[in-house]
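Read the structure below first, then the notes.
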Amino acid sequence: MTRAVSVLAPGTPRAALPAALEQLDRVILGKPTQVRLALACLLARGHLLIEDLPGVGKTTLAQALARTCGLHFRRVQFTADLLPADLLGVSIWDAASATFRFQEGPVFSEVLLADEINRATPRTQGALLEAMEERQVSEGGVTRPLPDPFFVIATQNPAAFVGTSPLPEAQLDRFLLTVTLGYPDPRAERALLETGGRSQTVRELPAVLSGAALHVMQREVDRVHAAPPLLDYLQLLARATREHPALESGLSPRALLALLAAARAWAYLSGHDMVLPEDVQAVFPSLAAHRLPLRDPSRPVAEVLRRVLADTPIP
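For the sequence shown, full-length UniProt numbering begins at 1 and goes up steadily by one.
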């Protein structure tokens, strides 16, 4: 497959990507892959799920990404008593005008952090995931569009934690990618200790991009070329997951479209004008991990995905 590399032209929104990534790397120390996956998810118009322990930087990543991209950010702490109306909004009677006035909920923001989403009830989880899918909220017979861009970053504690309600498989499919931050490496952890975690606070971050620039880049991502052999490779990967003995089921056609969208965004971040197999391989684990149920839950899904990539030939 022919490699095509694009030179980022000065003055275009795409030319600001290296500066945006550099700024994010200064805040999220030692996690360049996760930072790029998060930005690729935004460029692909998807939503991101972060599964990890408390205190490893999930909220910091969400805030830093919103500020770097120049987007309005809001955070909602999901708890067992959170109601759908607390998230979506509610109509309030206005006695002065004798009409109902809609009070927008926090979902009406460009970047929404749904913190500890698996601590809320399934009803509230479903309300958010429906808004993510439809990108609109219907209340009182009126349909209200959500902002554009609209990007949800949800965090999820391990299922073994007390008071959690795991997301059903069909709802997990609403998230384009899943990432795990994990503990920092020794050098990054030492830098945190030496600076007290205050090397550059999120509130001080300048906007490197903007909503208008993101719209331009999202349209450019849609135009990243995927050659017929690359599509063959995607189908081979899907078939490998559907036939793998360790998996209950494989990637659906919708998941395959999501894989192509994520690969296009990763190629765009890498400066490619066409999707290469390594772009697909870079996003495949994050796209497939939450979509592929294992026959033996004790087996690490990452190990199965590595075998799928290793055993699938590139056309």
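Glycine is no exception: its CB is placed at the ideal position from the N, C-alpha and C atoms.
No experiment lies behind these values; they were computed from the predicted model shown.
Just so you know, the alpha carbons of Glu133 and Asp296 end up roughly 30 Å apart. Arg101 is bridged by DSSP to Ile92. Three or more Cβ pairs closer than 8 Å define a contact, and the segment 21 to 40 meets that threshold against the segment 185 to 192. Assigned with DSSP and collapsed to three states, Ser138 falls in strand. Residue burial annotation: Ile92 is exposed, with fewer than 16 other C-beta atoms found within 10 angstroms of its C-beta. For the segment 155 to 227, the full-length alpha helix (DSSP H) segments reaching 4 residues or more read 169 to 172, 186 to 195, 211 to 222 along the chain.
Per the Cβ contact rule, the segment 56 to 70 is in contact with the segment 31 to 45 (3 or more Cβ pairs under 8 Å). A residue is called buried when at least 16 other Cβ atoms come within 10 angstroms of its Cβ; Pro285 meets this threshold and is buried. Spatial neighbours of Gln281 in its own chain (CB-CB distance under 8 Å, excluding positions within 5 residues in sequence) are listed in chain order as Leu309. Contact between Ala80 and Ala120 holds: CB atoms are separated by about 7 Å, below the 8 Å threshold. Comparing alpha carbon positions, the residue from Pro149, Asp25, Ala267 closest to Ala213 is Pro149. Per DSSP, the beta bridge partners of Ala114 are Val76, Ala154. A residue is called buried when at least 16 other Cβ atoms come within 10 angstroms of its Cβ; His72 does not meet this threshold and is exposed. A distance of 9 Å or more separates the beta carbons of Asp232 and Arg264.
The three-state reading of DSSP puts Arg144 in strand, counting E and B together. Separation of the CB atoms of Leu205 and Arg67 is rounded to 4 Å, and the pair is thereby assigned contact status at 8 Å. Nearest in C-alpha terms to Asn157, of all of Ala38, Asp311, Val179, is Val179. In this structure, Tyr268 lies near Leu43, with their beta-carbon atoms less than 9 Å apart. Just so you know, the alpha carbons of Leu82 and Pro106 end up roughly 12 Å apart. Remark: C-beta atoms of Ala40 and Ala262 approach each other more closely than 9 Å.
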